[in-house]
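Residue numbers (this note's numbering): 408 to 838. Comments concern the structure below.
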């Protein structure tokens with residue numbers, strides 16, 4: 408019963424977060440220019456990069472090393488705080504060359520203000536991990552939902568009153584402080600101590616955190632590299648509209664994936680010693696996710712003009728190729744379930760290699776097709792098709808499949824899905 412309740416609170420938290428993010432995106436696009444979203448996307452990516460370094464691995468380490476002593480916990484959290492403060496000052500200094508690179512002086516104050524959120528987010532993440540270790544999902548959900556709601560009110564109020572991109576910046580800072588206050592108010596405070604680097608347990612934990620941070624950084628950078636470079640290549644208006652549409656669609660698909668993954672991850676782990684059952688369950692997971700993914704996004708493409716005009720701005724339809732972006736994400740997410748497979752096989756290094764390949768593909772497209780947004784998206788589509796075909800080999804290897812026939816059976820649904828997406832796109836273009 409407790410497991411069901413915890414899953415319920417976890418699902419509620421994920422769903423509410425997605426709704427708030429989409430609602431905030433919808434409201435702010437009515438009052439902010441597309442260029443504001445491009446500028447803030449740059450701010451968010453650089454701050455997010457520092458956050459991944461500061462707390463990405465530490466939070467997971469607290470959960471993984473659940474048996475650590477109170478003294479170890481103090482040292483781990485203190486180390487995370489020191490790193491966060493260092494990165495905050497680093498980003499303040501780096502804001503000037505970043506602004507110079509993008510030829511936008513507004514980036515300096517925005518980066519400085521939003522960088523203040525790094526220590527708050529970091530400590531909040533540590534306390535959240537402690538609660539997750541205790542399976543106290545109700546408290547986690549209540550704090551997250553409250554903090555998101557407070558931030559949403561600030562963002563919308565400031566946007567309506569004409570504060571532009573600053574509504575997003577202040578909203579982020581408010582979110583970090585709200586999370587910090589929320590988690591520290593319901594947890595036992597952990598005293599700050601100077602880390603003892605001769606502590607063997609601390610070394611083990613920091614090594615784990617470092618590897619996790621590298622993986623998270625590569626994943627994060629791969630997901631956001633396109634926006635970071637497009638701002639420079641195609642201008643603020645186009646990259647801003649692109650960022651909003653991409654965030655909107657990815658939020659929908661990520662919610663579907665995380666909801667299913669929350670069940671299928673432990674469900675697949677139970678079948679690790681039975682290869683045939685594992686294959687059957689994984690194919691079920693793959694099929695269900697991709698059916699829901701394709702079904703949801705195809706509904707979107709049939710009514711995208713109404714949806715974009717209602718939720719966002721009509722000029723977004725003219726600024727970016729929405730149909731092409733949808734096709735790209737449909738193919739890109741074909742491989743999403745593979746990440747669960749390499750995790751249950753305890754082979755996270757495959758994830759690092761996978762994301763590095765994705766990153767290399769994005770860089771190749773951006774540096775060789777830097778003329779038109781349409782050409783760039785088409786380039787992304789071809790990279791995603793290539794990665795989908797590579798995923799057939801990786802999936803077959805992780806499922807211990809032998810022979811060409813077995814690999815063909817793995818590849819067939821992926822190839823079929825890509826063809827279905829292609830024919831739907833051709834039909835919609837003709838229509």
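From the three backbone atoms N, C-alpha and C, an ideal C-beta is built for every residue, glycine too.
In terms of Cβ geometry, residue 735 and residue 655 do not form a close pair [threshold 7 Å].
Per the Cβ contact rule, the region 791-800 is not in contact with the region 643-658 (fewer than 3 Cβ pairs under 8 Å). Taking C-beta atoms as the reference points, residue 646 and residue 637 count as a pair closer than 7 Å. Residue 810 counts as exposed, since fewer than 16 other beta carbons sit within 10 angstroms of its beta carbon. Residue environment analysis places residue 453 among the buried positions, since at least 16 neighbouring C-beta atoms fall within 10 angstroms of its C-beta. Residue 825 sits buried, since 16 or more C-beta atoms from the chains shown fall within 10 Å of its C-beta. Counting C-beta pairs closer than 8 Å gives three or more between the region 554-573 and the region 427-436, which meets the contact rule. Boundaries cannot be given for residue 720, as no alpha helix (DSSP H) includes it and DSSP labels it neither H nor E. Remark: C-beta atoms of residue 550 and residue 589 approach each other more closely than 7 Å. Exposure of residue 670 is indicated by the presence of fewer than 16 other C-beta atoms within 10 angstroms of its C-beta.
Per DSSP, the continuous alpha helix (DSSP H) segment holding residue 747 begins and ends at 745-751. In the three-state scheme derived from DSSP, where H, G and I count as helix and E and B as strand, residue 578 is classed as helix.
For residue 541, there is no enclosing alpha helix (DSSP H), as DSSP marks it with neither H nor E. Assignment of alpha helix (DSSP H) within the region 415-484, counting only whole runs of 4 or more residues, yields 441-458 and 464-471 in chain order. Cβ atoms of residue 587 and residue 541 stay farther apart than 8 Å, at about 19 Å. Secondary structure note for residue 782: its alpha helix (DSSP H) is the uninterrupted segment 780-805. Secondary structure at residue 820: helix, using DSSP grouped into helix, strand and coil. In this structure the region 495-504 lies against the region 516-525, because at least three pairs of beta carbons, one per stretch, are closer than 8 Å. For residue 721, same chain residues with a beta-carbon under 6 Å away, outside a window of 5 residues either side, do not exist. The three-state secondary structure of residue 595, taken from DSSP, is coil.
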